[in-house]
Amino acid sequence: MESVKTDVLIIGAGAAGLFAALHLPPQLDVVVVDKGKVKGSGSSPWAQGGVAAALGPDDSIDLHVSDTLRVAAGHADVSAVAVLCSEAPECVMELSELGCDFARNEDGSLHLAREGGQSVGRSVHSEDATGAAIMATLRDKARDRVTRIEGSCLQLSVVGGRCTGGWVLTADGLIEVAATSTVLATGGIGGLFNSTTNPVGATGDGLVLAWEAGAGLADIEFVQFHPTALAAQGVQQRLLLTEALRGAGAFVVDAEGRRFLFEHHSDGELGPRDVVSRAIASRHSWLDCRHLAPDALAEEFPTVLAGVKEYGFDLAKDLVPVEPAAHYFMGGVHTDLDGRTSIPRLYAIGECSNTGVHGANRLAGNSLADALVFGRRAAKAIAGQRTGPVKGLSQAPDLQDPEIDLEVAWTRLRDVCSAALGIERTPAGMSTVAATLEDLAILPLTASLSAVELRAGAILVRLMARVALLRTESRGGHHRVDYPNPDPDWAGVRLRVSRS
4 MESVKTDVLI IGAGAAGLFA ALHLPPQLDV VVVDKGKVKG SGSSPWAQGG
54 VAAALGPDDS IDLHVSDTLR VAAGHADVSA VAVLCSEAPE CVMELSELGC
104 DFARNEDGSL HLAREGGQSV GRSVHSEDAT GAAIMATLRD KARDRVTRIE
154 GSCLQLSVVG GRCTGGWVLT ADGLIEVAAT STVLATGGIG GLFNSTTNPV
204 GATGDGLVLA WEAGAGLADI EFVQFHPTAL AAQGVQQRLL LTEALRGAGA
254 FVVDAEGRRF LFEHHSDGEL GPRDVVSRAI ASRHSWLDCR HLAPDALAEE
304 FPTVLAGVKE YGFDLAKDLV PVEPAAHYFM GGVHTDLDGR TSIPRLYAIG
354 ECSNTGVHGA NRLAGNSLAD ALVFGRRAAK AIAGQRTGPV KGLSQAPDLQ
404 DPEIDLEVAW TRLRDVCSAA LGIERTPAGM STVAATLEDL AILPLTASLS
454 AVELRAGAIL VRLMARVALL RTESRGGHHR VDYPNPDPDW AGVRLRVSRS
């Protein structure tokens with residue numbers, strides 16, 4: 004078995020992982036594990052909308068904080084929100100200095116798009132391909148800074164109560180990576196649902212790595228569904244029709260052509276995502292951009308324009324059918340404000356982490372801001388700790404070869420997850436998950452990446468259903484038909500689960 008020693012092991016090569024890598028001291032060796040071509044390197048390149056940062060003349064950090072807390076449905080950690088909103092502007096300016104090509108006004112100032120839940124335009128963007136622009140910049144700057152391993156981490160090593168690295172499955176076999184510090188930056192869980200805006204490789208495996216190592220998870224009952232994904236039967240990864248379209252004036256209409264969303268929230272199309280998603284899911288809905296200037300659509304939204312064209316729609320001339328799709332996971336590995344988990348030397352950042360910053364429902368634009376702000380903070384925390392010698396690893400995983408029809412098993416997992424943990428949840432649906440997925444959750448580790456992700460997904464979905472059953476109310480991205488309203492007694496109560 005090949006062995007590697009490094010100062011810092013970062014598992015995940017999206018915005019959080021690479022931004023953290025760039026903020027580590029240059030004398031530290033950094034290894035980044037990247038699913039790469041196998042799974043598309045995460046959700047960051049697919050992000051369309053932008054980075055929320057209070058940079059406009061009519062905006063302020065206090066207003067950004069207020070919007071975040073309001074949309075979070077009474078569940079956000081105020082300290083985490085204050086950190087995010089106060090540090091996001093500096094992170095955006097750092098990206099700009101690194102060469103990220105953000106959209107600008109004629110006077111050279113940053114163009115700020117308005118998205119759902121924002122009181123004013125706040126999203127710094129690069130047309131409608133912000134994630135791709137950020138990732139191109141970060142990959143370019145990190146190319147000579149990190150050692151990249153294409154593969155997937157199967158198991159973390161914990162020795163003497165500390166994380167000491169992990170085992171990575173590559174095309175050439177298993178590699179043991181011993182590290183002084185390990186950072187999880189593995190993204191979200193959208194790939195566990197039948198329809199998602201995420202790449203299908205977003206299966207929550209990083210959360211299960213942490214849970215099996217003994218770290219705690221928090222807020223895992225809260226899943227955000229993006230209201231306007233293209234309705235396309237038989238397609239798992241859906242085309243996202245960015246919220247910035249609605250911020251630019253696009254309507255959502257029903258079969259009679261009515262803008263019905265004002266019946267559900269005073270902000271209509273720009274209401275909180277949980278409210279808008281439930282409303283759109285209740286009926287056939289279309290995005291209407293026909294009244295917007297075609298030239299402006301072509302200039303500001305080329306990605307969406309090209310995407311819908313592949314399905315036979317012209318954004319400037321046609322009503323485009325939309326429906327919600329799994330988009331973002333508010334839950335994650337429980338951390339402090341510097342990314343530290345309950346296991347010393349193990350950090351978590353980005354969508355796989357949970358500081359409490361998003362509460363029960365994330366504000367538009369705060370996902371990329373989260374990745375940048377808390378990725379940078381984790382890097383600074385690692386830089387400030389005593390390094391010491393790289394310790395050895397615990398016992399390597401025993402890889403077996405279980406007989407299983409992966410296609411059939413994945414269909415079952417996604418069907419169960421979508422039915423039990425979708426936009427509307429029932430006690431009957433959630434209570435059957437544990438038994439239905441038990442056989443998949445107890446699968447042994449194997450040299451098949453798909454089987455490893457299947458096992459991790461089954462473990463996570465069972466945990467999510469268990470926690471969702473405990474929260475006897477509806478709040479943000481957790482909506483129960485038997486408890487359809489928020490319960491004041493549950494306000495601010497964060498449910499945590501750990502193996503130990």
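Residues are numbered in the numbering used here as their position in the sequence shown, beginning at 1, plus a constant of 3. Glycine included, C-beta positions come from ideal geometry on N, C-alpha and C. Predicted model only: the values in this text are computed from it and were never measured.
8 Å Cβ shell around N488 - same chain, five flanking residues per side excluded: Same-chain partners within the cutoff: E476, S477.
Identity of the residues DSSP links to T358 by a beta bridge: DSSP output for T358 lists no bridge partner at all.
Y486 versus I152 - alpha carbon distance: Between the alpha carbons of Y486 and I152 lies a gap of roughly 46 Å.
D270 - DSSP class collapsed to helix/strand/coil: Here D270 sits in coil by DSSP.
Simplified DSSP state of D37, which is helix, strand or coil: The DSSP-derived three-state label of D37 is strand.
Pair within 7 Å by beta-carbon distance, H2 and E224: Nothing about residue 2 can be read from this structure; the chain reaches only from 4 to 503.
Local Cβ density within 10 Å of P29, reported as buried at 16 or more and exposed below that: Counting of Cβ neighbours within 10 angstroms places P29 among the exposed residues, the total staying below 16.
Residues bridged to V393 [DSSP beta-bridge criterion]: None, per the DSSP bridge assignment.
Reduced DSSP category for C292 - H, G, I as helix; E, B as strand; rest coil: In the structure shown, C292 sits in coil (DSSP, three-state: anything other than H, G, I, E or B).
Backbone secondary structure at G43 - three-state DSSP: Caution applies to G43, whose pLDDT of 48 falls short of 50 and renders its modelled position unreliable; the value that the coordinates give is listed next. Of the three classes helix, strand and coil, the one that applies to G43 here is coil, per DSSP.
Meets three-Cβ-pair contact criterion under 8 Å: the segment 251-260 and the segment 341-356: The segment 251-260 is not in contact with the segment 341-356.
Per-residue burial, K42 [other beta carbons within 10 Å of its own, 16 or more giving buried]: A caution first: K42 carries a pLDDT of 41, below 50, which makes its placement in the model unreliable, though a value can still be read off. K42 is buried by the Cβ-count criterion.
For V127, three-class secondary structure by DSSP: Residue state for V127 is assigned as strand, using DSSP reduced to three classes.
Whether T199 touches A329 by CB criterion (7 Å): Closer than 7 Å, so yes.
Per-residue burial, H287 [other beta carbons within 10 Å of its own, 16 or more giving buried]: Taking all protein chains in view, the Cβ of H287 is surrounded by fewer than 16 other Cβ atoms within 10 Å, so the residue is classified as exposed.
Exposure of P275, with buried meaning 16 or more beta-carbon neighbours within 10 Å: By the 16-neighbour rule on beta-carbons within 10 angstroms, P275 is buried.
Cβ contact check for the segment 328-346 and the segment 251-271: 3 or more pairs under 8 Å: Judged by Cβ distances under 8 Å, the segment 328-346 makes no contact with the segment 251-271, as fewer than three pairs qualify.
DSSP three-state assignment for V496, whether helix, strand or coil: Three-state result, V496: coil.
Where V484 falls, given that 16 or more other Cβ within 10 Å makes a residue buried: Within 10 angstroms of the beta-carbon of V484 lie fewer than 16 other beta-carbons, which makes it exposed.
Candidates V161, A399, M4, Q121, of which the one nearest G53 by Cα: Selection V161, A399, M4, Q121 evaluated against G53 yields Q121 as nearest (Cα-Cα).
Close Cβ partners of G391 (< 7 Å) along its chain, the five nearest in sequence each way excluded: Correct list, in chain order: T183.
Buried/exposed call for T150, threshold 16 Cβ in 10 Å: A residue is called buried when at least 16 other Cβ atoms come within 10 angstroms of its Cβ; T150 does not meet this threshold and is exposed.
Rounded separation between W49 and V203 - CA only: Note on geometry: alpha-carbon atoms of W49 and V203 lie some 12 Å from one another.
Nearest-angstrom beta carbon gap, R502 and G217 [assumed within contact, 8 Å]: The distance from the Cβ of G217 to that of R502 is about 6 Å, consistent with a contact at the 8 Å cut-off.
S356 and S160 closer than 7 Å at C-beta: Taking 7 Å as the Cβ cut-off, S356 and S160 do not qualify as a contacting pair.
At least three beta-carbon pairs within less than 8 Å, the segment 414-426 to the segment 379-387: Contact fails: fewer than three Cβ-Cβ distances are below 8 Å.
For V323: DSSP bridge partner residues: According to DSSP, V323 bridges with L290.
At least three beta-carbon pairs within less than 8 Å, the segment 78-97 to the segment 4-17: Here the segment 78-97 does not lie against the segment 4-17, with fewer than 3 beta-carbon pairs under 8 Å apart.
Residue(s) in a DSSP beta bridge with Q158: BP columns for Q158 point to W170.
Distance CB(G479)-CB(E118) smaller than 7 Å: Result no, Cβ atoms of G479 and E118 do not sit closer than 7 Å.
Per-residue DSSP class, three states only, for E406: DSSP places E406 in coil when its eight states are reduced to three.
Status (buried if at least 16 other CB within 10 Å, exposed otherwise) for L243: L243 counts as buried, since no fewer than 16 other beta carbons sit within 10 angstroms of its beta carbon.
Straight-line gap, A319 to L233 (C-alpha atoms, nearest Å): Distance from the CA atom of A319 to the CA atom of L233, rounded to whole angstroms, is 15 Å.
Residue range of the unbroken beta strand (DSSP E) whose run includes P230: For P230, the enclosing beta strand (DSSP E) stretches over residues 226-233.
Candidates L220, G387, S451, H114: closest to D404 by CA position: Comparing Cα-Cα distances from D404 to each of L220, G387, S451, H114, the minimum goes to S451.
Residues bridged to I14 [DSSP beta-bridge criterion]: BP columns for I14 point to V36, L187.
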